[in-house]
Ligand SMILES: N[C@@H](CCC(=O)N[C@@H](CS)C(=O)NCC(=O)O)C(=O)O
């Protein structure tokens with residue numbers, strides 16, 4: 001059985017949960033409380049020396065870190081349904097959209113970066129929020145037009161881009177990001193919200209989420 005070391009509100013763990021659910025892969029969750037700093041505990045650092053979530057533990061105890069690597073592994077080991085379109089150009093475009101979120105947006109707004117802004121750099125809460133909104137808006141403005149008018153990000157089936165987009169939008173809404181300028185992102189987010197895999201992967205459905 002696979003074990004996903006994650007946290008209900010970790011965007012990167014949420015990406016992996018969506019893929020696991022889309023593919024119908026059985027797994028168990030091991031909670032690492034980000035707000036309590038458990039990602040820096042000796043036990044977790046032994047699994048992932050970067051101290052970042054998620055980490056996927058295979059049945060034999062091997063560990064894979066970094067959500068893009070985990071997503072690729074899952075797609076290689078459980079190819080059906082695929083996370084990527086079949087045509088090379090469409091695959092490249094999907095990977096580019098995923099990277100716009102995973103490489104160019106999420107790292108700027110990660111917990112440790114926001115904590116560094118308010119801690120070591122003495123930035124106040126308003127400036128921190130401005131920073132957060134700015135980097136999300138920069139990416140969402142750039143990718144909204146590339147998303148087209150299909151039900152999901154890369155067509156009529158959910159896939160890799162949706163795995164990245166939904167957690168990023170969830171996170172943006174938590175931080176009161178103005179979302180009115182992104183009709184395609186909003187449509188895809190709403191459609192994913194009706195899909196069983198995304199419902200099961202949602203933060204509120206996770207065992208470590210506080211009771212509502
Ligand atoms: N590139 C990494 C990013 C992982 C990451 O930043 N995870 C966040 C949670 S979404 C984390 O563990 N943050 C801990 C911290 O900021 O101290 C991935 O995709 O797995």
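Numbering (full-length UniProt numbering), first residue to last: 1 to 212.
Every residue, glycine too, gets a C-beta built ideally from N, C-alpha and C.
| Query | Result |
| --- | --- |
| Whole alpha helix (DSSP H) elements within the segment 73 to 119, 4-residue minimum | 88 to 102 and 111 to 118 |
| Contact test: residue 68 Cβ vs ligand 1 heavy atom, cutoff 7 Å | yes |
| Span of the alpha helix (DSSP H), counted from its first residue to its last, around residue 132 | 125 to 144 |
| Heavy atom of ligand 1 within 7 Å of residue 51 beta-carbon | yes |
| Proximity of residue 36 and residue 4 at Cβ, strictly below 8 Å | no |
| Residue 198 - DSSP class collapsed to helix/strand/coil | helix |
| Same chain, Cβ closer than 6 Å to residue 208, neighbours up to 5 away in sequence not counted | 8 and 31 |
| Start and end residues, alpha helix (DSSP H) containing residue 21 | 11 to 23 |
| Supposed close pair residue 101, residue 170 - CB separation, criterion 8 Å | No, residue 101 and residue 170 are not in contact; Cβ-Cβ is about 12 Å, not under 8 Å. |
| Three-pair Cβ contact test at 8 Å for the segment 53 to 73 versus the segment 13 to 24 | yes |
| Separation of residue 123 from residue 175, as counted between CA atoms | 17 Å |
| Closest Cα partner of residue 214 within the set 94, 76 and 89 | This structure gives no information on residue 214, because the portion of the chain shown stretches from 1 to 212. |
| Cβ pair count under 8 Å reaching 3, the segment 146 to 162 against the segment 179 to 189 | yes |
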